[in-house]
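So the structure is just underneath, and the comments pick up after that.
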Amino acid sequence: MPLTLQEAANTLDATLRSLKGKRVVVLGHMRPDGDCIGSQTALCRILLALGADARCANRHPVPANLVAYAEGLTFVTESDFKSRPDEVAVAVDCADLSRIGASLTDLYPAGLEANIDHHVSNDGFAKVNVVVEDAAATCHVLAYTALQKNLPVDAATAASLYLGLVTDTGSFRFRSTSPEVLEVAATLIRKGASPSLTTERVFESESPTKFVLIQRFLASMRLVENGRIAIGEIPIGLYEETGTSKEDKEGLVDFPRSIAGVDIAVLLEEAKDGIKGSLRGKNPELRLDLLAAKLNGGGHKLAAGFNCLGASFAKDRERIEAIIIAHLRERAPR
Ligand SMILES: [Mn+2]
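Position 307 of the sequence shown, counting from 1, maps to 316 under our numbering, and the rest follow consecutively.
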């Protein structure tokens with residue numbers, strides 16, 4: 010099922026052009042990140058330019074630092090969302106339907122029309138599945154297709170596509186940063202994306218309260234397994250205490266990842282309904298997607314997440330830690 014970028018471009022171009030004259034909703038994942046919002050807004054603009062009646066919907070709102078990318082588009086949140094007659098749904102950056110949320114997907118009982126993604130764990134849930142595991146971002150798949158097939162890319166669309174490339178490659182620092190990715194980025198800049206404006210909006214617009222959250226997160230960090238695993242925690246109530254929200258979690262897991270000798274960086278977040286985890290690595294052989302799967306999750310080889318429903322720090326911290334340690338010993342003994 011995984012495609013090359015070229016195969017994806019051929020399929021996606023035909024699919025997008027076939028949506029002309031139709032009502033389309035572009036769905037993304039809960040707690041959307043830069044690649045999700047970038048993909049949704051870019052695809053929505055391309056579809057509008059192709060003559061489709063397109064809009065975006067998400068379970069959670071667009072994060073404050075990404076709102077500019079949705080300017081001029083209809084972006085609906087779950088609670089206000091109703092499907093329109095004959096509306097076709099397309100998903101971006103979602104490995105499976107649960108990432109979108111049943112409250113949205115249940116409104117399309119005939120199934121989703123297309124699934125555009127780059128997650129290894131994508132289960133091919135739509136009629137047309139355009140999944141490129143080698144792509145650096147869902148925005149990479151979209152940008153490659155749009156540029157190669159001469160789809161309409163105005164300055165706002167270029168900015169959205171660039172956003173997804175920047176955020177999913179960690180500002181062009183991760184392994185996924187290839188010459189091809191940088192070539193696509195260069196073309197997007199020529200079409201109107203601004204690297205400095207992107208940085209300012211996305212990375213230099215944090216709330217002052219986030220620094221309190223960062224301080225507390227750093228204080229919680231500990232090294233285990235001879236320094237090969239770094240774990241930081243967000244206990245229940247910390248967002249309220251620091252005047253922050255879930256969205257402020259973005260980027261925190263890069264701190265444990267940045268330590269020399271750390272193979273697996275872990276962020277554990279305790280909530281009322283359980284423990285959520287983010288996993289980050291430097292070596293793809295560690296297959297963090299498989300580790301996440303052991304904890305009711307999934308993702309990429311180097312970046313994955315999980316959700317242990319009903320778990321709490323007091324009861325389950327050691328069990329989760331043991332699973333992570335066992336996975337590291339199994340995949341990369343030292
Ligand atoms: Mn992505």
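C-beta atoms are modelled at their ideal positions from N, C-alpha and C, and glycine is treated no differently.
Any non-hydrogen atom of ligand 1 closer than 7 Å to residue i Cβ
i	result
residue 17	no
residue 152	no
residue 69	no
residue 147	yes
residue 8	As displayed, the chain neither begins before 10 nor continues past 343, which places residue 8 out of reach and without an answer.
residue 177	yes
residue 132	no
residue 95	no
residue 127	yes
residue 44	yes
residue 102	yes
Whole-number beta carbon distance between residue j and residue i, since they are thought to touch under 8 Å
i	j	result
residue 279	residue 321	6 Å
residue 79	residue 46	7 Å
residue 311	residue 333	Not a contact, Cβ separation roughly 15 Å.
residue 22	residue 166	So it is not a contact: roughly 15 Å between Cβ atoms.
residue 25	residue 55	7 Å
residue 162	residue 127	Incorrect: roughly 19 Å between the Cβ atoms, too far for contact.
Top-ranked residue by Cα proximity to residue i, from the options
i	options	result
residue 210	172, 252, 224 and 266	172
residue 31	23, 59, 260 and 141	59
residue 219	234, 127, 253 and 226	253
residue 324	284, 256, 16 and 226	284
residue 29	40, 57 and 50	57
residue 317	180, 21, 213 and 304	304
residue 246	160, 234, 340 and 222	222
residue 308	287, 292 and 291	287
residue 69	84, 61 and 77	84
residue 233	87, 335 and 66	335
residue 194	160, 224, 152 and 208	152
residue 213	65, 41, 50 and 74	74
Beta-carbon proximity list for residue i, same chain, < 8 Å, skipping 5 on both sides
i	result
residue 265	230, 239, 240, 241, 271, 274, 275, 276 and 289
residue 237	270, 271, 272, 273, 337 and 343
residue 314	285, 286, 287, 288, 301, 306, 307 and 308
residue 114	36, 98, 106 and 121
Cut-off 6 Å between Cβ atoms - residues of its own chain near residue i, not counting five sequence neighbours on either side
i	result
residue 196	156
residue 185	145 and 178
residue 148	44, 47, 48, 170, 173 and 174
residue 137	24 and 123
Coil, strand or helix - residue i by DSSP
i	result
residue 316	strand
residue 241	strand
residue 174	helix
residue 285	strand
residue 83	coil
residue 277	strand
residue 340	helix
residue 199	helix
residue 143	coil
residue 165	helix
residue 307	strand
residue 63	strand
residue 182	coil
residue 32	strand
residue 42	coil
residue 113	helix
residue 268	coil
residue 231	strand
residue 74	helix
Contacting residues, own chain, Cβ-Cβ under 7 Å from residue i (five flanking each side not counted)
i	result
residue 38	45, 102, 103, 108 and 109
residue 158	18 and 22
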